[in-house]
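Following: one structure in structure tokens, then a few remarks.
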Amino acid sequence: MPRIDSNPNSCPVTRTLGYIGGKWKPLILIFLIERPERFGKLAVLLPISRKILTEQLREMEEDGLILRRSYSEKPPRVEYEITERGKSLIPILDAMKVWGNEIKEDVKRALPATD
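Okay, structure coming up:
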């Protein structure tokens, strides 16, 4: 029987989930796939506090998944865009979407019918 290392840091799946885990990071990436967005627009799109959004964006920037661009304008403008590393997660997010939809349908079929 192969030996399995139980250290979560050595598991590539756990490592990947560390980058995209949580409620908001996948949604932020999905919004940024289409185009760069301003902080205010992301705050409108996501039903979370500005504090949580700021924390998530900072973590994603530190992980190299998104890039923060500041413009020297009045009023100040900040945009976030997905990086190549972030784009490399698109196939993973797509696979997760397919799996999530399949499970949702399985659960619906398993529930008793209501009149």
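For the sequence shown, full-length UniProt numbering begins at 1 and goes up steadily by one. We treat Cβ as the ideally placed atom computed from N, Cα and C, and that holds for glycine. The model shown is predicted, which means the values in this text are computed figures rather than measured ones.
> Any idea if W99 is buried or exposed, counting beta-carbon neighbours within 10 angstroms, 16 or more meaning buried?
Replying inline: Taking the first residue of the sequence shown as 1, we reach residue 99 at position 99. It counts as exposed.
>> Please return the same chain residues whose Cβ sits closer than 7 Å to the Cβ of E37, not counting the five positions on each side in sequence.
In response: Walking along the sequence shown from the start, residue 37 turns up at place 37. Excluding sequence neighbours, E37 sits near F31, E79, Y80.
>> Excluding the 5 residues flanking R68 on each side, which residues of the same chain have their C-beta closer than 6 Å to its C-beta?
In response: Position 68 of the sequence shown holds residue 68. Only E61, Y80 meet the Cβ criterion.
>> Can you give me the C-alpha to C-alpha distance between residue 116 and L57, rounded to a whole angstrom?
In response: Since the displayed the chain opens at 1 and closes at 115, residue 116 lies outside it and no answer follows.
>> Report the start-end ranges of each alpha helix (DSSP H) in the UniProt domain "HTH hxlR-type" (11-108) that is 4 residues or longer and not cut off at the edges.
In response: 12-20, 25-34, 39-45, 50-62, 84-87
>> Assuming the contact rule is C-beta atoms closer than 8 Å, I28 and I90 should be a hit. Round their C-beta distance to whole Å, please.
In response: For this step, residue 28 is matched to residue 28 along the sequence shown. For this step, residue 90 is matched to residue 90 along the sequence shown. That belief does not hold up - the Cβ atoms of I28 and I90 are roughly 13 Å apart, past 8 Å.
> Out of curiosity, what's the CA-to-CA distance linking P12 and E55?
Replying inline: Your numbering for residue 12 matches position 12 in the sequence shown. Your numbering for residue 55 matches position 55 in the sequence shown. Whole-angstrom Cα-Cα distance: 24 Å.
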